[in-house]
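Enquirer: Quick one: the structure is below, questions incoming.
Listed below in structure tokens is the structure:
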């Protein structure tokens, strides 16, 4: 079937990649993407129900959070760490998805803002939903730690191409990282409490 020349989705996704690259996932809005594409917000929502769906389409990710999260949770908490790592590897194993992630940089954003967009997407669309569903304590901190692990592995493996991580098999990566994620998902694992002598983060004013 020939492509409909009046279909605005190509322009919408180009605009979305530019806005996500410049602003990050959290600060991007459907209205902002519509303005960048020169269309009404209703046009964006005609094709994409929410920001997560728009981001997945813009990066041509092979997985949809709406179906991925229930599938990840369905077998239970046992093995969920392995499944989350495999989810991330599968998401970025697709050459087009990786090319689109790098394309965020070429669209005008820095490498930091581009990977930040991916981290914010993974955290809000996938990880936060999972830690909320299983009801772990310290859910926000656990979600942030899990997202940081997953994005760190993804960037090191697919963007920075750090060896030997870049050449390791998916199965090997899952065996190494899955138990770490599983520990953070286990409500029996107690996170350390902050201490008075922990000090301030580097760069913060005293």
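In our numbering, the protein residues as written are 1 to 206.
Just so you know, even glycine gets a beta-carbon here, dropped at the ideal spot from N, CA and C.
Note that the structure is a prediction, hence the values are computed from the model and not measured.
If you count every other CB in all the chains shown that lies within 10 Å of the CB of residue 174, and 16 or more means buried, which is it?
Expert: To locate residue 174, count along the chain shown from 1; it is residue 174. Buried: at least 16 other Cβ atoms inside 10 Å.
Enquirer: Should residue 63 and residue 28 be called a contact, given that it needs their Cβ atoms to be closer than 8 angstroms?
Expert: Sequence index remark: in the chain shown, residue 63 carries index 63 (1-based). Sequence index remark: in the chain shown, residue 28 carries index 28 (1-based). Cβ distance not < 8 angstroms, so residue 63 and residue 28 don't count as in contact.
Enquirer: Using the beta-carbon count (16 or more within 10 Å), is residue 83 buried or exposed?
Expert: Within the chain shown, residue 83 is the residue found at index 83, counting from 1. Buried, because 16 or more other Cβ atoms sit within 10 Å of the Cβ of residue 83.
Enquirer: Hey, which unbroken runs of the beta strand (DSSP E) at 3 residues or more fall wholly within the region 9-55?
Expert: none
Enquirer: Should residue 31 be labelled buried (16 or more other beta-carbon atoms within 10 Å of its own) or exposed?
Expert: By 1-based counting over the chain shown, the position of residue 31 is 31. Residue 31 should be labelled exposed.
Enquirer: What's the C-alpha gap between residue 52 and residue 129?
Expert: By 1-based counting over the chain shown, the position of residue 52 is 52. By 1-based counting over the chain shown, the position of residue 129 is 129. Approximately 13 angstroms between the Cα atoms of the pair.
Enquirer: When you compare the region 152-163 with the region 183-192, are there three or more beta-carbon pairs, one atom per stretch, that lie closer than 8 angstroms?
Expert: no
Enquirer: Once DSSP output is grouped into helix, strand and coil, what is the label at residue 61?
Expert: Against the chain shown, residue 61 aligns to sequence position 61. Residue 61 falls in the coil class under three-state DSSP.
Enquirer: Quick check: the Cα distance between residue 37 and residue 81, rounded to an integer number of angstroms?
Expert: Indexing the chain shown from 1 puts residue 37 at position 37. Indexing the chain shown from 1 puts residue 81 at position 81. The alpha-carbon atoms of residue 37 and residue 81 are separated by roughly 38 angstroms.
Enquirer: Do you know offhand how far residue 137's Cα is from residue 187's?
Expert: Start at 1 with the first residue of the chain shown, and residue 137 comes out as number 137. Start at 1 with the first residue of the chain shown, and residue 187 comes out as number 187. Looking at the two C-alpha atoms, the distance is approximately 6 angstroms.
Enquirer: So, with DSSP's three-state summary, where would you put residue 124?
Expert: Here residue 124 refers to the residue found at position 124 when the chain shown is read from its first residue. Here residue 124 sits in helix by DSSP.
Enquirer: Go ahead and pull the three-state DSSP assignment for residue 82.
Expert: Against the chain shown, residue 82 aligns to sequence position 82. It is helical.
Enquirer: Would DSSP call residue 159 helix, strand or coil?
Expert: As a position in the chain shown, residue 159 is number 159, starting the count at 1. Residue 159: helix per DSSP, three-state reduction.
Enquirer: Are residue 134 and residue 190 touching if we call contact CB-CB under 8 angstroms?
Expert: Counting from 1 along the chain shown, the entry for residue 134 is found at position 134. Counting from 1 along the chain shown, the entry for residue 190 is found at position 190. The Cβ atoms of residue 134 and residue 190 do not sit closer than 8 angstroms to each other.
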